[in-house]
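From first to last, the protein sequence lines stand for chains A and B. Here the working numbering is used: the first sequence runs in plain steps of one and ends on residue 798. Here the working numbering is used: the second sequence runs in plain steps of one and ends on residue 161. The beta carbon of each residue, even a glycine, is placed where N, CA and C say it ideally should be. A short write-up of the structure that comes next.
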Amino acid sequence: MNNPSKNASPAPAEIPLAQGAVDALERAGFSRRDFIKGTGALIVTFSMGGALKPLAAQQARAGAFGEPAAPDAPPANEVDSWVAIGADGNVTAYTGKEELGQGMSTAQTQLVAEELCVPFNRVTLIMADTSMCPDQGVTSGSQSSPANFNHANLAGACATAREALLQLGSKQLNVPVEQLVAVDGSVRSKSDASKKVTYGEILAGKKFDLKVDPSAKRKPASEWTILGKPIGRPDMAAMATGTFEYAHNVRVPGMLHGMVVRPNAVGANLMNVDESSVSGMPGFVKVVVRKNFVGVVAEKKWQAVQIANKLAVTWSPAPELPKYDTFYDHLRNQKPTRDTLLVNSKDVEQKLAEAAQVVKATYYHPYQMHGSIGSSCAVADVQGDQATVWSPTQGVWHQRATLAMLLGLKGENIRVIFKRGSGCYGINGADAVTYDAALLSQAVGKPVRIQLTRREEMAWENYGFAFVIDERAGLDAQGNIIAWDHEAWSPVLGNRPVYTYPGNVITGFLAGFQPEEFRPRSPAPEPTNFSNNSNSVPSYVVGHVGGADHGAGTVKSERALLHNVVSPFWTGPLRSPQRLQNTFAHESFMDEVAAKVKADPVEFRLRHLSEQRMIDVVKRAAETAKWDARPSPKPRTASASTAGILSGRGISCVAYEGDNGYSAMVAEVEVEKATGKITVKRLVVAIDAGPISNPDGLKNQSEGGALQGLSRALGEEVTWDDHNVTSIDWKTYHSLPLGFAVPQVQVELLDRPNEAATGAGETAITVVAGAIGNAIFDATGVRIRQVPFTAERIKAALAG
Amino acid sequence: MSLITLNVNGQSHNLDVDPTTPLLYILSDDLGLRGPKFGCGLGQCGACTVLVDGNTMRSCVHTVSELENKSITTLEGLGTPDKPHAIQKAFIEEQAAQCGYCLSGVILTAKVFLDKNPEATEKQIEEGMSRVLCRCFTHTRMLRAIGRAQKEMAR
């Protein structure tokens, strides 16, 4: 049911979620789902009780980040694009926002059930399939809640649908609409429960044929019975019993297996491929070459692995990579740059010159990787001018548009079906491997599955950005900050492919497409619109742009300047991109300044904050952690000095992207003096994400964010030699296993039922490195300004 | 190619396969099982874990020919959504997963550890799980689920 193509897998679809979906659809009388190609538009039709009811597919804009949506995508302003109610009242909802592992499918199902007033288990959610779901761009950047849980899109469509059902019910019951309520999938009289009509009866299998009404009333949080509740994830049982169908489990009839052969060095070009080196091997089907892309296809997976290993390929010599040991200097000195000013009060140098004292520091953050536990995998079936792909991509419409470029097909002839992969945390190898599968499938005219090796995943993915960050602050005689200057250098190459850049990831590049062009620009233009998407602007400044203050703080003299330079490696969004790195610098620096003036780090932060939601998360984290209010570092007692273990606490906070969620974290750590080993004992994080859709889901992903942040702070770093990345497996890239001394993680949720829904997936992780670094300083009096905080680095700092 | 008989989840399968094939590929491609998954192919992460005669084995680094006449159990062989094993039930109750890709490694490793160390302390359980990765970092819930299963399995 989930894969209704000619090559649909005979295996059951996702269980129990999609098995539930299948049941729900069958119960609803959806005996068939046809895909009819009209004049360039893909039109989704349902067969409801025998009558064929087409869903309109017209022009609309639903893409993320202001991008225009695909013209043939179900339009975002039509209720029918988002929700369909079957003859028996069961609900199918369509969303462009995917389940990436953090529970978004459950929360969206709650949203639909709540707004439509139907039981949770009568809603089936279909995610990100270009043949039937709206184009919502990519699922990323903590944008799913803001996009679908406020007044537009999924929430708006369901609220509009409920109001329409009440109106239609009023006519059918001949009762004024004010006297009616929507309850449990029915419209009924408030005074006479016998006067009721079910949604199934009202619609009788028809579509809504309505525009989404932005003024349709959302149900107030005070009336929620499904949203806001800790409903368990319906997919959990299938995952725990090994029956859930991931992209990795998709099998289609006649499917072959592919592998790729990546260049032997970054920047090497293909010289020669000797097909005869493998053509006699068992199961051999084909060697596929396209410019620098090399892949093989075989009948079975193990055959493909052996063929790829044995294939004789000659590569050109490659230029040397920038030296790992001096890379941060290389970043700072590299030309040309692309410069961006986020805020600029133009008086920072003057205020720094006038200041009673100036504090300066430089912070370093390495490239880090997504490092998905499952290397990326996709299945593609390209036959003639038609293609179907099963992909864990975060953007099915982006994938469709760029696949069209790569394969030379029309976008409307390509169907991209999102299938869940292993957790991605941003752009892992999913887009690249989908291209790999498609190129191989096109070459053989049969479906091909490929899952990358661990090395291919880790050596060629789009890494999270490295950063060098200079911070300067001027203080007045009372120790208040009067000026803050932030200047950063960060390398970029490629990105998400979006709609037009297959070359933004490795496979597209190897196949001959260039990444998005690097456009040098210096000096930076003055800022005209405030955007703190990158958290380049610290929380403690006023953020004055365009005649108004947009920041969370009080410091009026402010500058934030970013220099992007060309990266030797592919880069792209990794959970809290830029925001995490900048926040590490801001929050470490705020702590340094507080220490300089002997102020308590919490009090010093509060003194410079104006945004009440920030103040509230800082206070909540501090209260919950029973914050020991005093300046850092912690006064050493004689016993602590001799025991060899030093303990301390640190705080860090962020207004995520300026206004897309708020978090504060207190970390408690122990430092072993002799070895430099850090043990984090406790993390307390306070989160404000607006109204809470599912408190247990929010806690789960905040706990995960806290510990993922801990792993990134303590151990994770991409490394390389003269020609290749050397962090290529779990021995060379250091992810904390289940067995490390897991700290106590305490998540405090601040519910804001009357505020807009904000992001939540990246708020916890953003503050971890700052909190831990500050706790290390509190414990030892030594400031670690470079991530990761390895034992060697701390031991050296303690000694020196 | 050679004929090999594999006993998986209580069923016997006669297969004609390359005997050097890693067990994982046989389970996922030839038998269509979804529990064990390819994570690293190096035996480092645990996602491909299966039980062999009551011990854990990383199926990505063992050839199928090593497994003749052994009893193999995958995550789906341990219990079903309707009748989950106590440890699977604990994971469901604690909502101890995010993407869930690592669960063969986490759940089966914990199960064997608890079978052998029913009285293990929290610290010993952490040590027992020290070769298993979860990149969503659902660690706190997973350890809580293992603790819950420990109590349940002791009954």
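- Contact between residue 187 of chain A and residue 173 of chain A is confirmed by a C-beta separation of about 5 Å, below the 8 Å threshold.
- Taking the CA atoms as reference points, residue 537 of chain A sits about 21 Å from residue 144 of chain A.
- Residue range 384 to 389 is occupied by the beta strand (DSSP E) that includes residue 387 of chain A.
- When rounded, the separation of the alpha-carbon atoms in residue 405 of chain A and residue 723 of chain A is 29 Å.
- Using a Cβ distance threshold of 8 Å, residue 372 of chain A and residue 690 of chain A do not count as a contacting pair.
- Within 9 Å of the CB of residue 53 of chain B, the CB atoms of chain A belong to 371, 372 and 420, in sequence order along the chain.
- Close to residue 213 of chain A, with beta-carbon spacing below 8 Å, lies no residue of chain B; the smallest spacing is near 36 Å.
- Comparing alpha-carbon positions, the option among A/449, A/425 and A/441 lying closest to residue 431 of chain A turns out to be A/449.
- The three-state secondary structure of residue 500 of chain A, taken from DSSP, is helix.
- One thing to note: residue 713 of chain A has its Cβ no nearer than 8 Å to the Cβ of residue 766 of chain A.
- Here residue 330 of chain A is near residue 487 of chain A, since their CB atoms are less than 8 Å apart.
- The Cβ of residue 735 of chain A sits closer than 8 Å to at least one Cβ of chain B.
- Within the region 327 to 370 of chain A, the complete alpha helix (DSSP H) segments at least 4 residues long are 346 to 352, listed from N- to C-terminus.
- Rounded to the nearest angstrom, the gap between the Cα atoms of residue 213 of chain A and residue 149 of chain A is 8 Å.
- Among the residues of chain B, none has a CB under 9 Å from the CB of residue 543 of chain A; the nearest is roughly 36 Å distant.
- Chain-ordered, the chain B residues with CB closer than 8 Å to the CB of residue 244 of chain A read 40, 43 and 107.
- When only Cα atoms are considered, residue 770 of chain A and residue 669 of chain A end up about 11 Å apart.
- Residue pairing by DSSP puts residue 488 of chain A in a beta bridge opposite A/562.
- Here the alpha carbon of residue 418 of chain A sits roughly 43 Å from the alpha carbon of residue 546 of chain A.
- Contact annotation for residue 68 of chain B against chain A: no contact, minimum CB-CB distance about 13 Å [criterion: below 8 Å].
- No Cβ-Cβ contact shorter than 8 Å links residue 29 of chain B with residue 57 of chain B.
- Residue 332 of chain A and residue 534 of chain A have their alpha carbons spaced roughly 20 Å apart.
- Using a Cβ-Cβ cut-off of 8 Å, residue 145 of chain B counts as an interface residue toward chain A, since at least one Cβ of chain A sits closer than that to its own.
- Cβ contact annotation for residue 366 of chain A (same chain, cutoff 7 Å, sequence separation greater than five): 461, 462, 572, 710, 714, 715 and 716, in chain order.
- Nearest to residue 181 of chain A by C-alpha distance, out of A/474, A/237, A/223 and A/115, is A/115.
- With at least 16 other beta carbons inside 10 angstroms of its own, residue 87 of chain B counts as buried.
- Closer than 8 Å at the C-beta level to chain B, one finds these residues of the region 277 to 311 of chain A: 280, 298, 299, 300 and 301.
- Taking a Cβ-Cβ threshold of 8 Å, the residues of chain B close to residue 451 of chain A are 47, in chain order.
- Residue 616 of chain A and residue 401 of chain A have their C-alpha atoms some 46 Å from each other.
- Neighbours of residue 149 of chain B in chain A, taken as residues at a C-beta separation under 9 Å, are given in chain order as 736 and 740.
- At a beta-carbon threshold of 7 Å, the residues of chain A lying near residue 113 of chain B are 238, ordered along the chain.
- Taking each of A/777, A/720 and A/736 in turn and checking the Cα distance to residue 323 of chain A, the smallest one comes out for A/720.
- Within the region 520 to 555 of chain A, no run of alpha helix (DSSP H) reaches 4 residues while sitting entirely inside it.
- For residue 200 of chain A, the enclosing alpha helix (DSSP H) stretches over residues 197 to 201.
- Straight-line measurement puts the Cα of residue 647 of chain A at about 6 Å from the Cα of residue 667 of chain A.
- Secondary structure note for residue 288 of chain A: it is in no alpha helix (DSSP H), and the uninterrupted beta strand (DSSP E) holding it is 282 to 288.
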